[in-house]
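Novice:
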Amino acid sequence: MKIKLNNVRLAFPELFEPTQVSGQGAFKYRANFLIPKSRTDLIEEIKAGIKHVIGEKWGNKDIEKIYNSICNNPNRFCLRDGDSKEYDGYAGNLYLSASNKSRPLVIDRNTSPLTAQDGRPYSGCYVNATVEFYGYDNNGKGVSASLRGVQFFRDGDAFTGGGVASVEEFDDLSMAEEEELLAS
């Protein structure tokens, strides 16, 4: 089941080059999407989508039982409580973790394609994203999200380590260098 996440904050994006988690497993494109706990409409839509997938995969009889058995297991569930993480911006939010072996569509506000050289989207900005939930049986039941596409929506404060220095952070040393050369 596909869901569109509008105006959510992007964290840990790996949208242009696939990576492994801790040097293990398949190379995947991935991202986390931060959703304020106050956005109950979106959270309920996500939960309904997950429950729909549970019903399709394992039947309608035990949807709540299966949902409750996997929702507190971060290894088996794509929607998690950000208060359990000590990362910038996670407090007070839920986060949805999504990945894909195939490169997702990455576009700008005007739907033109973006590349890594464009510098957007970046960790801390706001995006619209599409994900697709799927259930799986692999040493137990679980529900994950496949990352389909990301659209840059608006700027936000970059998370720690996400920015590049600006020229204003440095002093102009051109005159000092000339004076040093003349003095020697």
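In full-length UniProt numbering, the protein residues as written are 1 to 184.
Just so you know, even glycine gets a beta-carbon here, dropped at the ideal spot from N, CA and C.
Whole alpha helix (DSSP H) runs in the region 21-74 with 4 or more residues, listed along the chain?
Specialist: The region 21-74 contains these whole alpha helix (DSSP H) runs: 40-58 and 63-70.
Novice: Ends of the beta strand (DSSP E) at Arg-80?
Specialist: Locating residue 80 in the sequence shown gives position 80, where the first residue counts as 1. That run of the beta strand (DSSP E) goes 79-81.
Novice: If you drop the 5 nearest sequence neighbours on each side, which residues of the same chain put their C-beta closer than 8 Å to that of Ile-100?
Specialist: For this step, residue 100 is matched to residue 100 along the sequence shown. The sequence shown places Asn at residue 100, not Ile. Lys-28, Tyr-29, Arg-30, Ser-146, Leu-147 and Arg-148, listed in sequence order.
Novice: Please state if the CB of Leu-94 and the CB of Arg-109 are separated by a distance shorter than 8 Å.
Specialist: The residue labelled residue 109 in the question sits at position 109 within the sequence shown. The residue labelled residue 94 in the question sits at position 94 within the sequence shown. Cβ distance not < 8 Å, so Arg-109 and Leu-94 don't count as in contact.
Novice: Kindly confirm or deny that the region 134-143 and the region 14-29 touch, where touching means at least three C-beta pairs closer than 8 Å.
Specialist: The region 134-143, when compared against the region 14-29, does not touch it at the 8 Å Cβ threshold.
Novice: Does the beta-carbon distance from Leu-10 to Val-127 come in below 8 Å?
Specialist: Within the sequence shown, the letter at position 10 stands for residue 10. Within the sequence shown, the letter at position 127 stands for residue 127. Going by C-beta atoms, Leu-10 is nearer than 8 Å to Val-127.
Novice: On the DSSP bridge list, what partners appear for Gly-149?
Specialist: Residue mapping note: residue 149 aligns to position 149 of the sequence shown, counting from 1. Paired residues: Leu-105 and Thr-130.
Novice: Closest to Phe-133 by C-alpha separation, out of Ser-123, Ser-102, Ser-97 and Asp-62, would be which residue?
Specialist: As a first step, residue 133 is located in the sequence shown; it is residue number 133 there, counting from the start. The candidate whose alpha carbon is nearest that of Phe-133 is Ser-97.
Novice: Should Val-150 and Val-106 be called a contact, given that it needs their Cβ atoms to be closer than 8 Å?
Specialist: Taking the first residue of the sequence shown as 1, we reach residue 150 at position 150. Taking the first residue of the sequence shown as 1, we reach residue 106 at position 106. The answer is yes: Cβ separation under 8 Å.
Novice: In three-state terms, what does DSSP make of Ser-97?
Specialist: Here residue 97 is taken as the residue at index 97 of the sequence shown, counted from 1. Strand.
Novice: Run through DSSP, which three-state label would Ser-174 get?
Specialist: Taking the sequence shown and counting its residues from 1, one reaches residue 174 at position 174. Ser-174 falls in the helix class under three-state DSSP.
Novice: At a cut-off of 7 Å, would you count Phe-170 as near the ligand ADP, judging by its Cβ distance to the nearest heavy atom?
Specialist: This structure simply doesn't include the ligand ADP, nor any ligand for that matter.
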